[in-house]
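Here is the structure we will look at.
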Amino acid sequence: MMKKITKQSEKFNAHLKSQESEYDDIFQDQKTEQQHQPVIQKEQQRKTNIRIVFTRKPAQQQEQQIIPPQRISVAKRSWHKELDNLINPSEMKNGKFSQEEKESIMQIVRNYQVQNNLTDQQLKDYIELKTLGHSKIWLEITKFIPTRTVDSVYKLIRRSLDSKNRHGYWNKEEEAELLKCIQQYGRKWREISKHLNRTPDNIRNKYIQIGEHNHLFRNKSFWTIEEFLILMNSVHALSGYPILLPNYDQTLQQKLGEDFQNVKFRLNYRKMKADDKEIFELLKSIVNIPSKIGVTIKWTEISSEIKTKTKDDIRQMWYKLNGTLL
1 MMKKITKQSE KFNAHLKSQE SEYDDIFQDQ KTEQQHQPVI QKEQQRKTNI
51 RIVFTRKPAQ QQEQQIIPPQ RISVAKRSWH KELDNLINPS EMKNGKFSQE
101 EKESIMQIVR NYQVQNNLTD QQLKDYIELK TLGHSKIWLE ITKFIPTRTV
151 DSVYKLIRRS LDSKNRHGYW NKEEEAELLK CIQQYGRKWR EISKHLNRTP
201 DNIRNKYIQI GEHNHLFRNK SFWTIEEFLI LMNSVHALSG YPILLPNYDQ
251 TLQQKLGEDF QNVKFRLNYR KMKADDKEIF ELLKSIVNIP SKIGVTIKWT
301 EISSEIKTKT KDDIRQMWYK LNGTLL
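The sequence shown runs 1 to 326 under UniProt numbering.
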């Protein structure tokens, strides 16, 4: 009986060691038998943990120099967010990339290019042809960026290096061409990108910014009290919190008159005049916004109720109202 238990224990330990070897980068802190490792193996492991600092070299040598990434590498990544969270249990960041993150990511890309002897054109081809068999490249690159999703890193790199991506301001002619292409191709962003010198992501984001299907009705200059009240009631319906104070309508009527719903005001601080600021302060006085609303507000759903505003317009109003974005 004891021999059988011993064999099972040895088999289990052997299996455990094989798992530790495969996921060494992720589960280093879970190793249980490091004290029994051979001296040579310990020495090799110690060397892999040493950070190498490179001194500045002459300009002609810098092109050949490969700077090791400063981020810790993980064993595997996945395009699928749920699977990626299982094999890479890092705390993911959301929102804009910091300048430090951008510089670090671009250095990792350049390192990958040098290590794999890729020309600039080959690198751009890989960036522009992700769906044609090159997606594994980004799984390799993002091993060094465990706190961002593979997709977000890929899109950042594409925006930075894609030869088709024209950066900066959209003029009226480009917006008109975009709307014309959407009438012809729908939301086929890759197809539209062939006609505009922009990436699919850039085009999609611009269409969202101008109001999507509401773009014909959008009023960029002013808000009305009626639009504001619809927003407050929509958030109330989604969250269960009564945002507007009791008798708010009486307060508005006393200050703005019986036709208060049609009163207009500017929200852009650079364009707000004294009357606009006075109205905005009045609106802040008739709401009670909880510090933690407790739900994810569906701006797209609310924008379907306020056809004269985009979801970005609505979100901006909400954040300015509760003081989290000034």
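Note that beta-carbon positions come from the ideal geometry of N, C-alpha and C, so glycine has one too.
Which same chain residues end up closer than 8 Å to residue 278 when comparing Cβ atoms and leaving out the 5 residues on each side of it in sequence?
The count along the sequence shown starts at 1 and reaches residue 278 at position 278. Hits under 8 Å: none found.
Taking the alpha-carbon positions, what's the residue 143 to residue 318 distance?
The count along the sequence shown starts at 1 and reaches residue 143 at position 143. The count along the sequence shown starts at 1 and reaches residue 318 at position 318. Rounded to the nearest angstrom, the two C-alpha atoms are 37 Å apart.
For residue 97, name the three-state secondary structure that DSSP assigns.
Within the sequence shown, numbered from 1, the residue matching residue 97 stands at position 97. The answer is coil: DSSP assigns residue 97 none of H, G, I, E or B.
So, with DSSP's three-state summary, where would you put residue 265?
Within the sequence shown, numbered from 1, the residue matching residue 265 stands at position 265. In this structure, residue 265 counts as strand in the three-state DSSP scheme.
Are the Cβ atoms of residue 227 and residue 306 separated by less than 8 Å?
Residue numbering aside, residue 227 sits at position 227 when the sequence shown is read from its first letter. Residue numbering aside, residue 306 sits at position 306 when the sequence shown is read from its first letter. Yes, Cβ-Cβ distance for residue 227 and residue 306 is below 8 Å.
What first and last residue would you give for the alpha helix (DSSP H) that runs through residue 235?
Here residue 235 refers to the residue found at position 235 of the sequence shown. Counting along the chain, the alpha helix (DSSP H) containing residue 235 begins and ends at 225-239.
Looking at the secondary structure, which residues open and close the alpha helix (DSSP H) in which residue 198 lies?
Position 198 of the sequence shown, counted from the start, is the residue given in the question as residue 198. No alpha helix (DSSP H) contains residue 198, which DSSP labels as neither H nor E.
If I'm right that residue 210 touches residue 252 with Cβ under 8 Å, what's the distance once you round it to whole angstroms?
As a working mapping, residue 210 is identified with position 210 in the sequence shown. As a working mapping, residue 252 is identified with position 252 in the sequence shown. Actually they are not in contact, since the Cβ atoms of residue 210 and residue 252 sit about 31 Å apart, beyond 8 Å.
Would you be able to state if there are at least three C-beta pairs under 8 Å between the region 144-159 and the region 101-112?
Cβ pair count under 8 Å is three or more, so yes.
From residue 212 to residue 145, what does the alpha carbon distance come to, in whole angstroms?
In the sequence shown, the residue the question calls residue 212 occupies position 212. In the sequence shown, the residue the question calls residue 145 occupies position 145. The straight-line gap from Cα to Cα measures roughly 33 Å.
DSSP state of residue 118, grouped into three classes?
As a working note, residue 118 is residue 118 in the sequence shown. Coil.
Rounded to a whole number of angstroms, what is the C-alpha to C-alpha distance between residue 234 and residue 97?
If you number the sequence shown from 1, residue 234 lands on position 234. If you number the sequence shown from 1, residue 97 lands on position 97. One C-alpha to the other measures close to 31 Å.
Short of 6 Å in beta carbon distance, which residues of its chain neighbour residue 263, apart from the five on each side in sequence? Order them along the chain.
As a working note, residue 263 is residue 263 in the sequence shown. For residue 263, where only same-chain residues beyond five positions count, the Cβ hits under 6 Å are 225, 256.
Pick from 221, 196, 193, 95: whose alpha carbon is nearest that of residue 268?
The residue given as residue 268 occupies position 268 in the sequence shown. The option with the nearest alpha carbon to residue 268 is 221.
Does DSSP put residue 252 in a helix, in a strand, or in coil?
Walking along the sequence shown from the start, residue 252 turns up at place 252. The answer is helix: DSSP assigns residue 252 an H, G or I state.
Could you compute how far the alpha carbon of residue 119 sits from the alpha carbon of residue 111?
Walking along the sequence shown from the start, residue 119 turns up at place 119. Walking along the sequence shown from the start, residue 111 turns up at place 111. Distance between the alpha carbons of residue 119 and residue 111 is about 12 Å.
Have a look at 276, 287, 315 and flag the residue whose alpha-carbon is nearest the alpha-carbon of residue 298.
On the sequence shown, residue 298 is found 298 positions in, with the first residue counted as 1. Selected option, being the one with the closest Cα: 315.
Alpha helix (DSSP H) containing residue 318: first to last residue?
Working through the sequence shown from its first residue, we reach residue 318 at position 318. Counting along the chain, the alpha helix (DSSP H) containing residue 318 begins and ends at 311-321.
Is the CB-CB distance between residue 241 and residue 293 below 8 Å?
Indexing the sequence shown from 1 puts residue 241 at position 241. Indexing the sequence shown from 1 puts residue 293 at position 293. Their beta carbons are under 8 Å apart, which means residue 241 touches residue 293 by this criterion.
My understanding is that residue 196 touches residue 178, with C-beta atoms under 8 Å, so please give their C-beta distance in whole angstroms.
Your numbering for residue 196 matches position 196 in the sequence shown. Your numbering for residue 178 matches position 178 in the sequence shown. Rounded, the Cβ-Cβ distance is 7 Å, consistent with contact.
Starting from residue 275 and walking both ways along the alpha helix (DSSP H), at which residues does that stretch end?
Here residue 275 is taken as the residue at index 275 of the sequence shown, counted from 1. Looking at the DSSP string, the run of the alpha helix (DSSP H) that includes residue 275 is 274-285.
Which partner residues of residue 244 appear in the DSSP bridge assignment?
If you number the sequence shown from 1, residue 244 lands on position 244. For residue 244, which the question treats as bridged, DSSP gives the partners 287.
With 16 as the cutoff for other CB atoms within 10 Å, does residue 247 come out buried or exposed?
Counting from 1 along the sequence shown, the entry for residue 247 is found at position 247. Result: exposed.
Roughly how many angstroms lie between the CA atoms of residue 403 and residue 192, to the nearest whole one?
Since the first residue of the chain shown is 1 and the last is 326, residue 403 is not available in this structure.
So, residue 243 versus residue 236, is the Cβ gap smaller than 8 Å?
Here residue 243 refers to the residue found at position 243 when the sequence shown is read from its first residue. Here residue 236 refers to the residue found at position 236 when the sequence shown is read from its first residue. For residue 243 and residue 236, yes; Cβs fall inside 8 Å.
Output needed for residue 309: all residues of its chain with C-beta closer than 6 Å, excluding positions within five of it in sequence on either side, in chain order.
In the sequence shown, the residue the question calls residue 309 occupies position 309. So no residue of the chain qualifies.
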